[in-house]
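Take the sequence shown: its letter number 97 is residue 97 in full-length UniProt numbering, and every next letter is one higher. Down below is the structure, laid out as structure tokens.
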Amino acid sequence: MSRQKSSAEHGQDALLPHNTRRSLPIALLRAREAVMGHFRPMLAQHEITEQQWRVIRILAETGQVDATEMAEKAFILAPSLTRIIRSLEERGLISKSKDAEDGRRVLLEIAPAGMKVIAEVGPESRAIYATLEAKYGKERVEKLLDMLDDLATLGV
Numbered sequence: 001m002s003r004q005k006s007s008a009e010h011g012q013d014a015l016l017p018h019n020t021r022r023s024l025p026i027a028l029l030r031a032r033e034a035v036m037g038h039f040r041p042m043l044a045q046h047e048i049t050e051q052q053w054r055v056i057r058i059l060a061e062t063g064q065v066d067a068t069e070m071a072e073k074a075f076i077l078a079p080s081l082t083r084i085i086r087s088l089e090e091r092g093l094i095s096k097s098k099d100a101e102d103g104r105r106v107l108l109e110i111a112p113a114g115m116k117v118i119a120e121v122g123p124e125s126r127a128i129y130a131t132l133e134a135k136y137g138k139e140r141v142e143k144l145l146d147m148l149d150d151l152a153t154l155g156v
């Protein structure tokens, strides 16, 4: 019975940047999946995708936003955002309009039905945050968020 050779046996260790357990991009993805695993069932109960939730949360926090700014704030590619906007608009959760001064700009705004979703999902979301903070530690969560904000500014 033959076994596959490891990268070390092939002499490829020097070619690999990091062990995947210590790779920052992979660690960030692992952490994201661990956290989102708590939120996905709640969002599914409300028939909202992660991306749709990000869009309506941002609109609830900021008010009217143009589509380009929304793509940046929600970390959603423009083609995907177009589909998400269409779906949210069809469900009556957001409204869109053309900018009066620049007809090329699409302005997005949360609709009353979208605010109702925020009111329904918000307490459940806060409860999940409370559980995560209880397990991980509120101070550690705050420190992690600060560190991630600092890390994100490196890319600017």
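Where is the CB? At the ideal position from N, CA and C, for every residue including glycine.
Item, Value
"What three-state label does DSSP hand residue 160 in the structure shown?", "Coverage of the chain is limited to positions 1 through 156, which leaves residue 160 absent and any answer about it impossible."
"Ignore the nearest five residues each way along the sequence and tell me which others in R91's own chain have a CB closer than 6 Å to its CB.", "none"
"Can you check whether the CB of I94 is closer than 7 Å to the CB of A111?", "yes"
"Does I118 come out as helix, strand or coil in the three-state DSSP assignment?", "helix"
"How many angstroms separate the CA atom of S23 from the CA atom of T131?", "27 Å"
"For I118 and M42, what's the separation of their Cα atoms in angstroms?", "12 Å"
"Looking at E133: is its Cβ nearer than 7 Å to the Cβ of V121?", "no"
"Give me the Cα-Cα distance between I56 and G114, rounded to the nearest whole angstrom.", "7 Å"
"Let me see if you follow: with CB-CB separation under 7 Å, is P25 close to chain C or not?", "Chain labels in this structure do not include chain C; a single protein chain is all it has."
"In angstroms, rounded to a whole number, what distance separates the CA positions of G155 and A44?", "32 Å"
"Taking the alpha carbon of D66 as the reference point, which residue from G37, A31, A127, L107 has its own alpha carbon closest?", "L107"
"For Y136, which residues of its own chain have a beta-carbon under 7 Å away from its beta-carbon, when the five flanking residues on both sides are left out?", "none"
"Please classify S23: does DSSP put it in a helix, a strand, or coil?", "coil"
"Can you round the beta-carbon distance between I58 and A34 to whole angstroms, since I take them to be within the 8 Å contact cut?", "Between A34 and I58 the Cβ distance is about 23 Å, and since that is not below 8 Å, they are no contact."
"Tell whether a beta-carbon distance below 7 Å holds between L81 and Q52.", "no"
"Taking the alpha carbon of R54 as the reference point, which residue from S125, L148, T153, K96 has its own alpha carbon closest?", "S125"
"Could you pull the DSSP bridge partners for E109 from this structure?", "S95"
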